[in-house]
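Using our numbering, count along the sequence shown one by one with no gaps and you end on 259.
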Amino acid sequence: MDPLHALTLQREFLKDHIRQAVDFSLTEQARGLPPPPLQKPVPTGAYLIDLPKSTALTCAQSTSLYEAINNRRSRRKFTDQPLSLEELAWLLWATQGIQRVFRGGSAFRTVPSAGARHAFETYLALTRVEGIPPALYRYLPVDHQLVREREVPDLGSRCAEAALDQGFVADAAVTFIWTALPRRMEWRYGLAAHKVILLDAGHVGQNLYLACEAIHAGTCTLAAYDQDQMDTLIGVDGAEEFAVYLAPVGKVK
Ligand SMILES: Cc1cc2nc3c(=O)[nH]c(=O)nc-3n(C[C@H](O)[C@H](O)[C@H](O)COP(=O)(O)O)c2cc1C
7 MDPLHALTLQ
17 REFLKDHIRQ
27 AVDFSLTEQA
37 RGLPPPPLQK
47 PVPTGAYLID
57 LPKSTALTCA
67 QSTSLYEAIN
77 NRRSRRKFTD
87 QPLSLEELAW
97 LLWATQGIQR
107 VFRGGSAFRT
117 VPSAGARHAF
127 ETYLALTRVE
137 GIPPALYRYL
147 PVDHQLVRER
157 EVPDLGSRCA
167 EAALDQGFVA
177 DAAVTFIWTA
187 LPRRMEWRYG
197 LAAHKVILLD
207 AGHVGQNLYL
217 ACEAIHAGTC
227 TLAAYDQDQM
237 DTLIGVDGAE
247 EFAVYLAPVG
257 KVK
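Laid out in structure tokens, this is it:
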């Protein structure tokens, strides 16, 4: 197909999404169906790691909000220094931490989300965090814990390959991989869900940028990755759940 024609078609498709011509009376919420859970279940017997509570975190207190915003940059050069567990906990809390859970099954988090639906899970390709064996983990925001998904040989390099060979990804101490579970948002917004899921991802990325600046770490959010390769690497089905955004993180000079 002529590339210009393809762009025009795709643009129409985008506009149709933005238009939100949706009959909200047809959504699962309007039909009285229960919402999907806030976080994916944890398999019985899984290896769990408790994270320091956000109220006890001291690692980020010396940087002002002005400095964090003013210094923010996409960083692609990381040192060999590991992150501490406290620093990792800070970054997870800043990007997806839960402040309040409501009886109806929604929650307030440190980032905004359309209808407080929060359609993301956070996977960590973790290679250099003090006290945590390298492996693929998932953040459990309700419990502020990590669950080990599985060990993956050469995880950093595999992640870089899946990120279309962007080599600096392999140097990260940890790469955040956010997946979307569209049903969490569709439950309330039906066809209008897909626009707001991607808008939500931007807020998560920006909080990670600012939270990194506060601890002398850096990140560079990535949208360039091979969808199937990344979904396979993190072990999601690519239908009910798939990767939407990535962010390698490391200490910077
Ligand atoms: C949605 C999004 C996707 C991006 N994808 C990539 C990427 O795949 N690779 C990369 O090196 N940088 C990526 N970036 C970083 C941009 O290149 C960067 O934000 C831009 O060059 C401006 O630099 P600054 O962030 O330091 O202001 C992405 C940024 C955003 C917001």
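Glycine is no exception: its CB is placed at the ideal position from the N, C-alpha and C atoms.
Every value quoted in this text rests on a predicted model; they were computed, and no experiment measured them.
Buried or exposed, going by whether 16 or more other CB atoms sit within 10 Å of the CB of Ala230? For the purposes of this step, residue 230 is taken as the residue at position 224 of the sequence shown. With fewer than 16 other Cβ atoms within 10 Å, it is exposed.
Out of Val250, Ala113 and Pro118, point me to the one whose CA is closest to Ala169's CA. Against the sequence shown, residue 169 aligns to sequence position 163. Closest by alpha carbon: Val250.
Considering only the beta carbon of each residue, do Val210 and Thr116 sit closer than 7 Å? One-based indexing of the sequence shown puts residue 210 at position 204. One-based indexing of the sequence shown puts residue 116 at position 110. In this structure, Thr116 does not lie closer than 7 Å to Val210 by Cβ.
Sheet register partners of Gly256 (DSSP bridge): On the sequence shown, residue 256 is found 250 positions in, with the first residue counted as 1. The partner list for Gly256 (beta bridge, DSSP) reads Gly224.
Between the C-alpha atoms of Ile75 and Ile221, what's the straight-line distance to the nearest angstrom? Looking up residue 75 in the sequence shown gives position 69. Looking up residue 221 in the sequence shown gives position 215. If you take the alpha carbons of Ile75 and Ile221, they lie about 13 Å apart.
So, is Asp86 buried or exposed, given that buried needs 16 or more other C-beta atoms within 10 angstroms? Reading the sequence shown from its first residue, position 80 is the one you call residue 86. Burial call: exposed.
Identify every run of the beta strand (DSSP E) within the region 38-101, keeping only runs that are complete inside it and at least 3 residues long; order them along the chain. 54-56
Limits of the unbroken beta strand (DSSP E) element including Glu127: Start at 1 with the first residue of the sequence shown, and residue 127 comes out as number 121. Residues Phe126 to Leu132.
For Val175 and Leu10, the rounded distance between their alpha carbons: Counted from its first residue, the sequence shown places residue 10 at position 4. Counted from its first residue, the sequence shown places residue 175 at position 169. Approximately 32 Å, taken between the alpha carbons.
Relative to the C-alpha of Leu132, which candidate in Pro118, Asp177 and Arg123 has its C-alpha closest? For the purposes of this step, residue 132 is taken as residue 126 along the sequence shown, with counting starting at 1. Per the Cα distances, Asp177.
Proximity to Ile183 [Cα-Cα], best of Trp99, Tyr53, Gly196 and Asp237: Numbered from its first residue, the sequence shown carries residue 183 at position 177. That would be Asp237, whose Cα lies nearest to the Cα of Ile183.
So Val107 and Val148 are in contact, right, with Cβ under 8 Å, and what is the actual spacing, rounded? Position 101 of the sequence shown, counting from 1, holds the residue named residue 107. Position 142 of the sequence shown, counting from 1, holds the residue named residue 148. That pair is a contact at about 7 Å.
Is the distance from the Cβ of Arg82 to the Cβ of Cys226 below 7 Å? The residue given as residue 82 occupies position 76 in the sequence shown. The residue given as residue 226 occupies position 220 in the sequence shown. Yes. Within cutoff.
I'd like to confirm the pairing. Which residues does DSSP put opposite Ala141 in its beta bridges? In the sequence shown, residue 141 corresponds to position 135, counting from 1. Ala141 pairs with Leu132.
If we call anything under 7 Å between Cβ atoms a contact, is Thr33 one with Gly196? Residue mapping note: residue 33 aligns to position 27 of the sequence shown, counting from 1. Residue mapping note: residue 196 aligns to position 190 of the sequence shown, counting from 1. Taking 7 Å as the Cβ cut-off, Thr33 and Gly196 qualify as a contacting pair.
Limits of the unbroken beta strand (DSSP E) element including Arg154: Here residue 154 corresponds to residue number 148 of the sequence shown, with the count starting at 1. It spans Gln151 to Arg156 - the beta strand (DSSP E) in which Arg154 sits, taken as one unbroken run.
Under three-state DSSP, which class holds Tyr231? Counted from its first residue, the sequence shown places residue 231 at position 225. Coil.
Which same chain residues, not among the five before or five after Ala253, have their C-beta less than 6 Å away from its C-beta? For the purposes of this step, residue 253 is identified with residue 247 of the sequence shown, where counting begins at 1. Closer than 6 Å at the Cβ level, and outside the excluded window around Ala253, lie Phe182, Leu214, Thr225 and Thr227.
Exposed or buried, which one is Tyr53 when buried takes at least 16 other CB atoms within 10 Å? Mapped onto the sequence shown, residue 53 falls at position 47. So Tyr53 counts as exposed.
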